[in-house]
Amino acid sequence: MQTFFTEHNIKSQKKLHPNISCRTFTTYARKDLWLTVAFSAFFFIANAQTWNPKAPDSLLRAARTSTGDKKVDVLNQLAKQTNLFSTSEAVSIIQQALQMAEMLHYQKGKANAIENMAVLMSRRSGYRTAINLINSAAIIHRQNNFFEAYINCLILKASYYDFLTDNEKII
Numbered sequence: 729m730q731t732f733f734t735e736h737n738i739k740s741q742k743k744l745h746p747n748i749s750c751r752t753f754t755t756y757a758r759k760d761l762w763l764t765v766a767f768s769a770f771f772f773i774a775n776a777q778t779w780n781p782k783a784p785d786s787l788l789r790a791a792r793t794s795t796g797d798k799k800v801d802v803l804n805q806l807a808k809q810t811n812l813f814s815t816s817e818a819v820s821i822i823q824q825a826l827q828m829a830e831m832l833h834y835q836k837g838k839a840n841a842i843e844n845m846a847v848l849m850s851r852r853s854g855y856r857t858a859i860n861l862i863n864s865a866a867i868i869h870r871q872n873n874f875f876e877a878y879i880n881c882l883i884l885k886a887s888y889y890d891f892l893t894d895n896e897k898i899i
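Quick note: the sequence shown uses the working numbering, first residue 729, plus one each step.
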């Protein structure tokens with residue numbers, strides 16, 4: 729039977745406690761392991777029940793109250809948060825942000841909405857579609873001199889290519 733103590737540890741413990749056998753040390757180790765597993769399971773279950781998968785209230789409030797370019801930016805942030813737990817809601821928010829950005833001729837908001845849609849498509853394993861979308865977002869960022877966002881698009885594009893199989897890369 730395997731114990732959690734090395735021979736050196738057992739010898740040093742025997743010097744401290746000469747009346748206790750090696751089997752007792754093994755029993756203590758098993759009890760400690762059992763307590764650790766039980767506590768970890770309780771902690772995990774307690775946290776899982778309190779986790780509430782929704783966007784922060786401040787973002788939801790800002791989405792309702794803001795207007796213009798600011799609303800598009802808030803909708804894009806909300807889409808990123810929502811994408812973590814509900815892709816169908818995220819699609820709806822992204823479409824709303826995209827329509828509003830096009831209506832306002834807000835290029836950065838439009839590019840960010842397209843970029844969010846690309847991320848969403850990559851989560852659904854639609855890497856080819858994600859690459860096409862990220863190319864569109866990168867073009868808008870480049871044309872409007874949003875170089876940091878342009879570089880981020882290129883990095884995302886590279887990661888999406890990495891997920892494609894060899895046959896898909898040829899097409």
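Every residue, glycine too, gets a C-beta built ideally from N, C-alpha and C.
Within the region 851-898, no run of beta strand (DSSP E) reaches 3 residues while sitting entirely inside it.
In the assembly as shown, residue 843 is a buried residue. Its beta-carbon has 16 or more other beta-carbons within 10 Å.
With distances taken between CA atoms, residue 832 lies nearest to 801 out of 845, 870, 801 and 883.
For residue 865 against residue 804, the beta-carbon gap comes to about 11 Å, at or over 8 Å, which does not count as contact. Sixteen is the threshold: when 16 or more other Cβ atoms of the shown chains lie within 10 Å of the Cβ of residue 885, as they do, the residue is buried. Annotated three-state conformation of residue 820 is helix, per DSSP.
Cβ-Cβ distances below 6 Å link residue 878 to 866, 869 and 870 in the same chain, with the five nearest sequence neighbours on each side left out; the list follows chain order. Distance between residue 787 and residue 806, taken at the CA atoms: about 6 Å. Short of 6 Å from the beta carbon of residue 857, and not among the five residues preceding or following it, lie these beta carbons of its own chain, in chain order: 849. Residue 803 sits in a helix when the DSSP states are folded into three classes. The three-state reading of DSSP puts residue 812 in coil, since its state is none of H, G, I, E or B.
Following the DSSP letters along the chain, one finds residue 793 inside the alpha helix (DSSP H) bounded by residues 785-793. Here residue 826 is not near residue 808, since their CB atoms are 9 Å or more apart.
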